[in-house]
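**Q** The opening residue of the sequence shown carries number 2 in my numbering; numbering runs sequentially from there.
Cβ atoms here follow ideal geometry from the backbone N, Cα and C, with glycine treated the same way.
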Amino acid sequence: MEDSIDQNLLFWLNYLQKHALTTSDRYVAFDMARSMQWLLFDMVCHLVLGHSVGFINEHEDCYGFQNVLETRLPIVEKFAVLTEINAWIKMISCIPIVRRVLPSPQDRDGIGAILGVAQKTVHARLAQGVLPKHNETMLDSWLRNGVDGSLAVSEVTIALFAGSDTTATSIRALLLHLISNPLVYARLTEEIRRADANGSLTSPVVTERETKALIYLQACILEGLRVFPPITALRERVVPSGGDTLNGVYIPEGTNIGLNLPGLLRNEVFGPDPDAFRPERWLDATPEQRQRMDRVHELIFNWGSTRCLGIRLAQMMMGKVVVELFRRWDLVTQRPQRPWNSRCHGIFLQKDFDIRITAALSVLPEQKSWNGGR
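#1: Could you spell out the range, first to last residue, of the alpha helix (DSSP H) harbouring Val45?
#2: How about the segment 162-182 and the segment 71-81: do they share at least three Cβ pairs that are nearer than 8 Å?
#3: With distances taken Cα to Cα, identify the nearest neighbour of Trp39 among Phe12, Ser306, Val239.
#4: Less than 7 Å between the beta carbons of His346 and Pro106, yes or no?
#5: Are Lys321 and Leu10 close, meaning C-beta to C-beta below 7 Å?
#6: Go ahead and pull the three-state DSSP assignment for Cys95.
#7: Going by beta carbon distance, what residues of the same chain come within less than 7 Å of Ser242, once the five residues before and after it are set aside?
#8: Check the C-beta distance from Leu41 over to Ile115 and give it rounded, since I have them as a contact under 8 Å.
#9: From the DSSP output, which residues share a beta bridge with Arg238?
#10: Would you check if the distance between the CB atom of Pro183 and the CB atom of Cys221 is smaller than 7 Å?
#11: With 16 other CB atoms within 10 Å as the buried threshold, where does Asp4 fall?
#12: Residues in its own chain within less than 8 Å of Arg308 by CB, not counting five upstream and five downstream?
#13: Fully enclosed by the segment 101-186, which alpha helix (DSSP H) runs are 4 residues long or longer?
#14: In its own chain, which residues sit with a C-beta less than 8 Å from the C-beta of Gly373, not counting the 5 before and 5 after it?
#15: Can you tell which of Leu48, Met37, Leu50, Val49 has the C-alpha that lies nearest to the C-alpha of Phe56?
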């Protein structure tokens, strides 16, 4: 799986090198929001299906996917909390005239077109009969373990949308906080470029293990997810039969309990400054404090049967993308007063994140290193 991620990441980095850099004779305001969306979609698609859709290659919204998402997500958000209406819509969706307005694999653009890609790939795999034993995709693994064709199409579609969008949001938010905090930016780039100068980072793409050894990077990733979780939906749980008591309050059975994740992640368990982006909190915490922080932080990926299965992949992608950007280049926002256009509908729609990218200043091995303090 890591090879697949590296392949797409390197392809994207080469695109940036050719088209996104500002030089002495060329000025470029590069929209990192859209580009990150396309990178992550191709990454996840390659992991799931064994091939990318082509967003990186074309560097545009090939299927009108982003446009459809931006127009329909606000509507979907409203229906997401109206479970009774959703059940009714599911019932009437079998009526031909209603079915025509829903996404279809025969659509030429939008969500339906992506659904069509998933359906064609699943049918092609099933037609092969023999699944590969090595270098298998997620789809191969699902089919090998007894998932039928229709369920496989659903799993593929969910993985493509859920895996790409949330990770893209996490990376964009982390980049914004990094380039908006000079002290954090300086410490992180020094760590990355020193490791590169010392030969501790593989080329052309850093390995997952090497990113884990960059302690400040890992603190930045944790802090980025904390201050800007990629999902704010309530993700309700239903109180079981007989009811339950929470903090001395009795909750009747059948009650939906929602999760206010942004509020929980700004809790005092993270220190006296929970609203601040300060990666050092993860390095300065005592073992007991760190344990309490970790337990709350883990709620980002949910708990129980709906816990995210792609945690490691998301963190791997975040680490690799950040390292490869900052080992090569310096980034600065074009509009500090309004760095991007970000709207929340349970998940985030982000655009106009214009960045100026320039060649990185070199870091010599003899330069003084950070001593771990602030």
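**A** From the atom records:
#1: 33-50
#2: no
#3: For Trp39, the nearest C-alpha among the options comes from Phe12.
#4: no
#5: A contact, by the Cβ cut-off of 7 Å.
#6: For Cys95, the three-state secondary structure derived from DSSP is coil.
#7: Glu254
#8: Between Leu41 and Ile115 the beta-carbon gap is near 14 Å, outside 8 Å, which marks them as no contact.
#9: Ile258
#10: no
#11: exposed
#12: Phe302
#13: The DSSP assignment places complete alpha helix (DSSP H) segments of no fewer than 4 residues inside the segment 101-186 at 111-129, 139-145, 150-180, in order along the chain.
#14: Because Gly373 sits at a pLDDT of 43, beneath the cut-off of 50, its placement in the model cannot be relied upon, and the following sentence gives the value as read from the coordinates. The residues are Leu284.
#15: Met37
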